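Residue numbering for the sequence shown follows the numbering used here, starting at 6 and increasing by one per position.
Cβ coordinates follow ideal geometry from the N, Cα and C atoms, glycine included.
Since the model is a prediction, treat every value here as computed from it, not as a measurement.
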Amino acid sequence: MFPLETVNPRDLLEATVTAVSILGGAMAYTSGYSASRAMQRGQAADVLGQRVNEGIGQGFAVGWPVALIAFILEIWI
Numbered sequence: 006m007f008p009l010e011t012v013n014p015r016d017l018l019e020a021t022v023t024a025v026s027i028l029g030g031a032m033a034y035t036s037g038y039s040a041s042r043a044m045q046r047g048q049a050a051d052v053l054g055q056r057v058n059e060g061i062g063q064g065f066a067v068g069w070p071v072a073l074i075a076f077i078l079e080i081w082i
């Protein structure tokens with residue numbers, strides 16, 4: 006069994022910033038990638054906006070498990 010220790014507030018803040026950065030990066034990457042593909046195809050502005058929104062959703066779906074794992078590792082180690 007692992008010993009139960011209190012978490013230093015500074016470590017908690019660093020872990021939170023790390024997790025949010027990973028999540029934000031994943032969302033920015035996927036939305037930018039979707040937007041660039043839509044622009045290459047010459048799609049209309051409303052379609053481009055839809056692709057950006059879909060990319061943000063995909064980035065969230067992919068990024069939150071990774072961000073959670075990073076948060077746990079940052080607290081644990």
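Cβ-Cβ distance between residue i and residue j below 8 Å
| i | j | result |
| --- | --- | --- |
| isoleucine 27 | valine 71 | yes |
| serine 39 | valine 57 | yes |
| alanine 33 | phenylalanine 76 | no |
Residue range of the unbroken alpha helix (DSSP H) whose run includes residue i
| i | result |
| --- | --- |
| alanine 66 | 50 to 81 |
| glutamate 10 | Taken as a continuous stretch (DSSP letters only), glutamate 10 belongs to no alpha helix (DSSP H), as it is neither H nor E. |
| arginine 42 | 14 to 45 |
Through-space distance from residue j to residue i, alpha-carbon basis
| i | j | result |
| --- | --- | --- |
| isoleucine 82 | glycine 47 | 48 Å |
| threonine 21 | serine 36 | 22 Å |
| tryptophan 69 | alanine 31 | 9 Å |
| leucine 18 | glycine 62 | 25 Å |
Neighbour-count burial assignment, residue i, 16 or more Cβ in a 10 Å radius
| i | result |
| --- | --- |
| glycine 60 | buried |
Whole-Å CB distance - residue i paired with residue j, under 8 Å assumed
| i | j | result |
| --- | --- | --- |
| isoleucine 74 | valine 12 | Rounded, the Cβ-Cβ distance is 17 Å, inconsistent with contact. |
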